[in-house]
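Peer 1: Input: one structure, supplied below.
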Amino acid sequence: MTEQDLLSRAEGVLRANDVGEYTKPSGRLYPHQWNWDSAFNALGWAHVDWERATREVEALLAAQWTNGMLPHIRYNPSVTDYAPGPEWWTDVPVTRAGEVTSGISQPPVLSTMVHLVGLIQPDGQRRRHWWDRVYDALAESLLYFERDRTTGNSPLIVLVHPWESGLDNSPRWDAAAAKGFRPTRPYRRVDTTKVAAAERPTSRDYDLYMFLVELIASHRYDMRSYLPVTPFAFYDAMFNAAWYRAVKDLNRIADMINRPVIVSDASLDAFRRAYQATLWDDEAAMFLDFDLTARAKVPVHSWTGIAAVYAGLVDGRQAELIYDGYTKRSRNCRRFPSVLPDQTGFESDRYHRGPVWVNANWMITRGLAELGLQSRARQLGEATIELVRRSGFYEYFDAYTGRGAGADQFSWTAALTIDLIKRPIV
Ligand code: 2M8
17 MTEQDLLSRA EGVLRANDVG EYTKPSGRLY PHQWNWDSAF NALGWAHVDW
67 ERATREVEAL LAAQWTNGML PHIRYNPSVT DYAPGPEWWT DVPVTRAGEV
117 TSGISQPPVL STMVHLVGLI QPDGQRRRHW WDRVYDALAE SLLYFERDRT
167 TGNSPLIVLV HPWESGLDNS PRWDAAAAKG FRPTRPYRRV DTTKVAAAER
217 PTSRDYDLYM FLVELIASHR YDMRSYLPVT PFAFYDAMFN AAWYRAVKDL
267 NRIADMINRP VIVSDASLDA FRRAYQATLW DDEAAMFLDF DLTARAKVPV
317 HSWTGIAAVY AGLVDGRQAE LIYDGYTKRS RNCRRFPSVL PDQTGFESDR
367 YHRGPVWVNA NWMITRGLAE LGLQSRARQL GEATIELVRR SGFYEYFDAY
417 TGRGAGADQF SWTAALTIDL IKRPIV
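Mapped onto our numbering, the consecutive letters of the sequence shown carry residue numbers 17 to 442.
Right under this line is the structure:
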């Protein structure tokens, strides 16, 4: 298949999942609008239809809450074949009447994508005008985490639900799931009627998800009252890296449209020091998440441990050390598995427990290039395009065989493949 064919197929996936103002992550499995999916999808759209990219972002921003939070799902009220539906997230404090959303957020990559989408627009005036229009909402969405999701003296952000991590059934959450929390009400699952149950989270995982949904809703989304009582509170290394990078990118936008920066350089330095001091692990030679209830690092080595590369939270030397260590320990795998194969809980074909994901590869590819590690970035970018060319636009890929799994015709796989082809590493 030529590069041109691959590009037009990728565009076809976005168009097939396009429902006007937002792009479904996949036709059957994920019918609503998801936060970080839409951010990645906007970047793909920017290369083929720039106006469409801006609409994707603005539709997502329409779901913003009065406290600034950008929810992880913006429900389409006419769709009912997804669970849990909005009935589990009652009385959410949306800014716009009529919006229906979930009650948690997702990795905050949106400002970074908005920065890139803007740069793709050749007309400087149009670009700045759009940035200006979305700037305040983006700033609020990032400052929300500083205001409502930090505790004690640490500037690091607390994650309150596995769904917020975007990596729902990562073995990093196994210890929490093993405690046997269950919701008080029965719930239904729709996902396992659409793709093989063996590729999805287990019912024990879902028990924890639904227990936490009930707990968060019962605290009326007030994190100050929820945090002291929840059994699930983590400094997630990828989530925090995404926030740091988003703030830096929004600061760059601010500079270009003559707005004040949202977080000062001094605060960013303090964040970087806290990230290094709290999450770095010498023995693992990577970053680890921190469990606030156990007051200990989470001993699971996964790709979140190298997400600092994406954010520029490390210099080139530390990036090389982490990335090369990860590559060496996964040499029998496709590049690169979401969990290292020597870890308890690794499964090569189950969702966030080992398979290769295009968004993770994209984030690390871009991060490596920005830190000056061009040849590694080029190799990873090319391996990713090749995997998609051979296996198709799947949600994820078996870490050993590269077989596509989960949902087919998956939007961010298509969107980020377009970006990897259109903006090659030089
Ligand atoms: C997956 O998560 C949703 C819940 O949010 C699900 O399993 O139903 C995750 O892979 C998440 O990262 C992603 O944003 C979402 C839609 O693609 O699906």
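Glycine included, each C-beta is placed from N, C-alpha and C at the ideal position. Computed from a prediction, not measured in an experiment: that's the story for all the values here.
Taking C-beta to C-beta, are P124 and A262 nearer than 7 Å?
Peer 2: Yes, they are a contact pair.
Peer 1: Let me have the residue list for the ligand 2M8: C-beta closer than 6 Å to any non-hydrogen atom, ordered along the chain.
Peer 2: Ordered along the chain, the selected set is P41, Y46, W50, W52, D53, H88, W179, G182, D184, D207.
Peer 1: Taking the beta carbon of K344 as the centre, do at least 16 other beta carbons fall within 10 Å, making it buried, or is it exposed?
Peer 2: Counting Cβ neighbours within 10 Å, K344 comes out exposed, since fewer than 16 surround it.
Peer 1: Should M17 go down as buried or exposed, given a rule of 16 or more other Cβ atoms within 10 Å for buried?
Peer 2: Answer is exposed; the Cβ neighbour count stays below 16.
Peer 1: Given a threshold of 16 other Cβ atoms within 10 Å of its Cβ, counted over all protein chains shown, does S391 qualify as buried or as exposed?
Peer 2: Result: exposed.
Peer 1: Considering only their Cβ atoms, is the gap separating A431 from G60 smaller than 7 Å?
Peer 2: The answer is yes: Cβ separation under 7 Å.
Peer 1: Any chance the stretch 78 to 87 sits against the stretch 186 to 205, with 3 or more Cβ pairs inside 8 Å?
Peer 2: Touching, no, given that fewer than three Cβ pairs across the two stretches are closer than 8 Å.
Peer 1: Considering K195, what are the terminal residues of the alpha helix (DSSP H) in which it resides?
Peer 2: No alpha helix (DSSP H) contains K195, which DSSP labels as neither H nor E.
Peer 1: Does the beta carbon of V372 fall short of 6 Å from some heavy atom of the ligand FAD?
Peer 2: Only the ligand 2M8 can be found as ligands here, which leaves the ligand FAD out of the picture.
Peer 1: Helix or strand or just coil, what does DSSP make of F248?
Peer 2: Coil, per DSSP.
Peer 1: Below 8 Å on the Cβ atoms is my guess for D184 versus Y367; work out the distance and round it to an integer in Å.
Peer 2: Yes, D184 and Y367 are in contact; Cβ-Cβ is about 7 Å, under 8 Å.
Peer 1: Measure the CB-CB distance between D53 and W428 and report whether it falls below 7 Å.
Peer 2: Cβ distance < 7 Å, so D53 and W428 count as in contact.
Peer 1: For K344, name the three-state secondary structure that DSSP assigns.
Peer 2: In the structure shown, K344 sits in a helix (DSSP, three-state: H, G or I).
Peer 1: Looking only at DSSP bridge pairs, what is T39 linked to?
Peer 2: DSSP lists D34 as partners of T39.
Peer 1: Since I believe A257 is in contact with A324 (beta carbons under 8 Å), could you give me their beta-carbon distance rounded to a whole number of angstroms?
Peer 2: 5 Å between Cβ atoms; contact.
Peer 1: Any idea if H63 is buried or exposed, counting beta-carbon neighbours within 10 angstroms, 16 or more meaning buried?
Peer 2: With 16 or more Cβ atoms within 10 Å of its Cβ, H63 is classed as buried.
Peer 1: Go through its chain and collect everything with a Cβ distance to V73's Cβ below 8 Å, but skip five positions before and after it.
Peer 2: Counting only Cβ-Cβ distances below 8 Å, and skipping sequence neighbours, we find S54, A55, A58, L126, M129, V130, V133, V150.
Peer 1: Starting from H368, trace the alpha helix (DSSP H) both ways and give me its first and last residue.
Peer 2: Taken as a continuous stretch (DSSP letters only), H368 belongs to no alpha helix (DSSP H), as it is neither H nor E.
Peer 1: What do you get for E180, buried or exposed, if any count of 16 or more other CB atoms within 10 angstroms of its CB means buried?
Peer 2: Result: buried.
Peer 1: For F306 and P138, I'd like the C-alpha separation in whole angstroms.
Peer 2: So the alpha carbons of these two residues sit roughly 42 Å apart.
Peer 1: From G101, R44, G36, pick the residue whose C-alpha is nearest to that of Q425; which is it?
Peer 2: Ranking the options by Cα distance to Q425, first place goes to R44.
Peer 1: Tell me where the alpha helix (DSSP H) around F161 begins and ends.
Peer 2: Residues 140 to 164.
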